[in-house]
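Novice: Sending over a structure as structure tokens; questions will come in a sec.
Protein chains: 2
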Amino acid sequence: MEERPVPQPGSPVGLHRVLAPAGVLPQAAERLDTRRELWPDEVRIRVERLNLDAASFRQLEESNGHDGERVRAAVLDIIASRGKMQNPETGSGGMLVGTVEEVGPESPLGLAVGDRVATLVSLTLTPLVVDDGLAAWDGRSEQVPCHGYAVLFGRSIAAVLPEDLPTALSLAVMDVCGAPALTSRVVGRYNAPVVAVIGGAGKSGSLSLAAAKAAGAARTIGVVPHEAEAALLGEADVADVVTIADARDPVALAAAVEQAGGPADVTVVCVDVPGCEGGAVLATATGGTVVFFSMATSFSAAALGAEGLAADVTMLVGNGYTPGHADLALSLLRGHAGVRSLFERRGVKMVR
Amino acid sequence: MEERPVPQPGSPVGLHRVLAPAGVLPQAAERLDTRRELWPDEVRIRVERLNLDAASFRQLEESNGHDGERVRAAVLDIIASRGKMQNPETGSGGMLVGTVEEVGPESPLGLAVGDRVATLVSLTLTPLVVDDGLAAWDGRSEQVPCHGYAVLFGRSIAAVLPEDLPTALSLAVMDVCGAPALTSRVVGRYNAPVVAVIGGAGKSGSLSLAAAKAAGAARTIGVVPHEAEAALLGEADVADVVTIADARDPVALAAAVEQAGGPADVTVVCVDVPGCEGGAVLATATGGTVVFFSMATSFSAAALGAEGLAADVTMLVGNGYTPGHADLALSLLRGHAGVRSLFERRGVKMVR
């Protein structure tokens, strides 16, 4: 058995892999320790592909004159100097696909050697070594074929890629799987609630509608911005009612949800448009819950909006992680042809 | 009985008082209808004092050369043209103190004529008329003596000022009463939880500590940034344990809470400093809840931080309104000499 030099006790969040600056979390670190040897709760992945974050890739293209060779050199330089793929300008990373190569004896992740997995924690905190110079990548797409290895900590998230679905489809589902999982949990706390999903025809929105129904919603309302989206969502047959409203107009949104059978006991905001906070609150019944999944959500607009409306509603920050979130989302997709066709019609980037 | 011209049905959120632009909420309106006559669910207040929002007053002072006469003229102009005191530059307002003058027969607020109240909804959405030209105000303080009237909608918040406490103290308590109310509700969902309050020596923090204990916390941990605050909180005797940590340093914060008896089942963030999201998440146990009351909270930092740590925690946007919040906070203050002395030592602006 290989000797394992372990200079300090491991930390489930990977503090032991931080080289500089001292004492920060791996995501905030400038440089990570990428040694192959695992701490007892770690897992090593043989990497097959990196999916760079779209904002990061765009920045790299622009700062390198859309020259694929220079983009590739820049990515190699970041990974070599930082020990992780975190764009210093955008701060963002991406995720990876690979195969489990070794599992530490104390790993709690439930993975086995040979599992083909996607990591659902960010590359910004994942120790990474590339050993092929990214030779198979032309630097012109955020899909990066890659040979090398990555390390997952005790507290991490990786999902086994199912064999019955195309990889690209599974990844698209996993990318938004936090929304249906939290929706399911919240809906389960109510008795036969009315659930409104703002942005119901999107990927996270359609899965959230399916999750709400499966968790016991009496009525699901899909809110969309215009006729074309309404037709798409109607064909997918995943909402009990489809209604059209501008989510940035509180009065119009609340009226549309009301007419569709609201107010909602649970309102899920899945549309990445700023200014939806007031409408979501106004469309929600007293004692109800609003779950904000949109990264365009303004914390203060939500807090002050609810206060200004004297609204006794619970407002949740959509945590991207709920245990079992990937499995739940995949099973919702398998069980619902309409959701699957919606994902396919929206275009799933082919990952091979 | 006075004749009441009511041209359209009233709305509990005051849509019927919006003159321009059409169809927006009163807070977003340029101009409100300030007619004296009440819709059936409204209440009219005889105003005694406006408390301008600090950011708004600062902006008015700076844009008017710190000339009290000009500041006063600017405020009068805003109120006359908009029908509400909403600074067009900052978007903010403030609150008011006055006496209930008339109660519509369908008002759900539980107020009686003659009650001395503070409005806990913002001036940014409250129809307001000033009839003394603010003659008693020198334009040099955000405390504005004022004669005139204001209108509260069906869905609004006003708290009766207690007779046993100085007005300034009651107002200071009401200003932060959302935090202890929501803390109490969340703590009550757990069985004898550990509760950490970040910024425990502040006004909202100390009330939240008291609320947590009253709601069944087994252990309350007050986190403060330095020795002086620790001494203050220690003397107030409102936390079971006081610990010092920089809340912007996730690793240090989590370690301090751990040593004080954590991780916390409920973590309440009451400190108005950016960058506390990761630490709050890391200091919280699996299955726990983080309540963000700080307006410096970044929605995306909270959402991505929890995901990056694979943290199964519930994250709440601190809604400033929970029914009964003012009464709860006032009774906590009355019942806890340490909290009261902390408020008094922190300086409560005298309102007369």
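So the protein lines, in turn, are chains A and B. The first sequence maps to residues 1439 to 1790 in this note's numbering. The second sequence maps to residues 1439 to 1790 in this note's numbering. The beta carbon of each residue, even a glycine, is placed where N, CA and C say it ideally should be.
Could you pull out every unbroken alpha helix (DSSP H) segment of at least 4 residues lying fully inside the stretch 1456 to 1526 of chain A, listed in chain order?
Specialist: 1492 to 1501, 1506 to 1520
Novice: Please report how far the alpha carbon of A1693 (chain A) lies from the alpha carbon of M1523 (chain A), in whole angstroms.
Specialist: 46 Å
Novice: So, does the CB of Q1465 (chain B) fall closer than 8 Å to a CB anywhere in chain D?
Specialist: Structure shown: chain D not included; protein chains present are A and B.
Novice: For the stretch 1739 to 1763 of chain A, list every residue whose C-beta sits within 9 Å of some C-beta in chain B, in sequence order.
Specialist: The stretch 1739 to 1763 of chain A vs chain B, Cβ under 9 Å: A1740, A1741, L1742, G1743, A1744, E1745, G1746, L1747, A1748, A1749, D1750, V1751, T1752, M1753, L1754, V1755, G1756, N1757, G1758, Y1759, T1760, P1761.
Novice: Flag S1736 (chain A) as yes if its beta-carbon sits less than 8 Å from any beta-carbon of chain B, otherwise no.
Specialist: yes
Novice: Kindly identify the DSSP beta-bridge partner or partners of E1540 (chain A).
Specialist: Beta-bridge pairing links E1540 (chain A) to A:R1482.
Novice: Between S1642 (chain B) and V1676 (chain B), how many whole angstroms is the CB-CB distance? I'm expecting something under 8 Å.
Specialist: No, S1642 (chain B) and V1676 (chain B) are not in contact; Cβ-Cβ is about 12 Å, not under 8 Å.
Novice: What would DSSP say about L1549 (chain A), mapped onto helix, strand or coil?
Specialist: coil
Novice: Could you please give the first and the last residue of the uninterrupted alpha helix (DSSP H) stretch that includes I1578 (chain B)?
Specialist: Before going further, note that residue 1578 (chain B) is Arg rather than Ile in the sequence given. R1578 (chain B) -> no alpha helix (DSSP H), and no H or E assigned at all.
Novice: Taking three-plus beta-carbon pairs below 8 Å as touching, is the stretch 1490 to 1509 of chain B in contact with the stretch 1537 to 1549 of chain B?
Specialist: no
Novice: Listed in chain order, which residues of the stretch 1581 to 1601 of chain A have Cβ atoms closer than 7 Å to some Cβ of chain B?
Specialist: R1593, S1594, I1595
Novice: Kindly confirm or deny that the stretch 1626 to 1635 of chain B and the stretch 1571 to 1578 of chain B touch, where touching means at least three C-beta pairs closer than 8 Å.
Specialist: no
Novice: So, does the CB of V1689 (chain A) fall closer than 8 Å to a CB anywhere in chain B?
Specialist: Yes, because at least one Cβ of chain B sits closer than 8 Å to the Cβ of V1689 (chain A).
Novice: Let's test the definition: count the other Cβ atoms within 10 Å of the Cβ of T1724 (chain B) and tell me whether it reaches 16, buried, or not, exposed.
Specialist: exposed
Novice: Once you ignore the five residues that flank A1721 (chain B) on each side, which residues in its own chain have a CB closer than 7 Å to its CB?
Specialist: Counting only Cβ-Cβ distances below 7 Å, and skipping sequence neighbours, we find A1634, L1691, A1692, V1695, G1700, P1701, A1702, T1705.
Novice: By DSSP's criteria, I1682 (chain A) is part of a beta bridge. Which residues make up the other side?
Specialist: A:V1662
Novice: Which chain A residues are close to L1453 (chain B), counting only those with a beta carbon under 9 Å from its beta carbon?
Specialist: V1689
Novice: Output the distance between the C-alpha atoms of A1655 (chain A) and E1667 (chain A), rounded to the nearest integer angstrom.
Specialist: 22 Å
Novice: According to the neighbour-count rule (16 or more other Cβ atoms, all chains shown, within 10 Å of its Cβ), is L1457 (chain B) buried or exposed?
Specialist: Exposed, by the Cβ-count rule.
Novice: Is it right to say G1726 (chain A) is buried, meaning 16 or more other beta carbons lie within 10 angstroms of its own, or is it exposed?
Specialist: buried
Novice: May I ask which residues mark the beginning and end of the alpha helix (DSSP H) holding R1772 (chain B)?
Specialist: 1763 to 1773
Novice: Please identify the residue among A:L1561, A:A1650, A:L1453 whose C-alpha is closest to the C-alpha of G1529 (chain A).
Specialist: A:L1561
Novice: In angstroms, rounded to a whole number, what distance separates the CA positions of L1514 (chain B) and V1568 (chain B)?
Specialist: Between the alpha carbons of L1514 (chain B) and V1568 (chain B) lies a distance of about 8 Å.
Novice: Note down, one range per segment and in chain order, each beta strand (DSSP E) of at least 3 residues found wholly within the stretch 1568 to 1622 of chain B.
Specialist: 1581 to 1590, 1596 to 1598
Novice: Which residues of chain A have a Cβ atom closer than 8 Å to the Cβ of V1633 (chain B), listed in chain order?
Specialist: Those within 8 Å of V1633 (chain B) in chain A number zero; the least Cβ separation is about 18 Å.
Novice: What residue range is occupied by the uninterrupted beta strand (DSSP E) comprising F1737 (chain B)?
Specialist: Note, F1737 (chain B): premise wrong, no beta strand (DSSP E); alpha helix (DSSP H) at 1737 to 1746.
Novice: What are the residues of the stretch 1551 to 1569 of chain A that lie near chain B, defined by any Cβ-Cβ distance shorter than 7 Å?
Specialist: V1559, S1560, L1563
Novice: Closer than 8 Å, CB to CB, is M1612 (chain A) near chain B or not?
Specialist: no
Novice: Tell me which same chain residues have a C-beta within less than 7 Å of the C-beta of W1477 (chain B), skipping the five on either side of it?
Specialist: V1444, G1448, H1454, G1542
Novice: What's the C-alpha gap between S1579 (chain B) and F1495 (chain B)?
Specialist: When the Cα atoms are used, S1579 (chain B) and F1495 (chain B) turn out to be separated by approximately 8 Å.
Novice: Quick one, are the C-beta atoms of V1709 (chain A) and A1744 (chain A) less than 8 Å apart?
Specialist: no
Novice: Do T1658 (chain A) and D1678 (chain A) count as a contact pair if the criterion is CB distance below 8 Å?
Specialist: Less than 8 Å separates the beta-carbon of D1678 (chain A) from that of T1658 (chain A).
Novice: Can you name, in chain order, every residue of its own chain whose Cβ lies under 6 Å from the Cβ of G1717 (chain B), other than the five neighbours on each side?
Specialist: A1685, P1688, L1691
Novice: Using the Cα positions of C1615 (chain A) and G1461 (chain B), report the straight-line distance between them to the nearest angstrom.
Specialist: 36 Å
Novice: Please classify Q1697 (chain A): is it buried, with 16 or more other beta-carbons within 10 angstroms of its beta-carbon, or exposed?
Specialist: exposed
Novice: Could you give the residue range of the alpha helix (DSSP H) that holds L1720 (chain A)?
Specialist: 1715 to 1720
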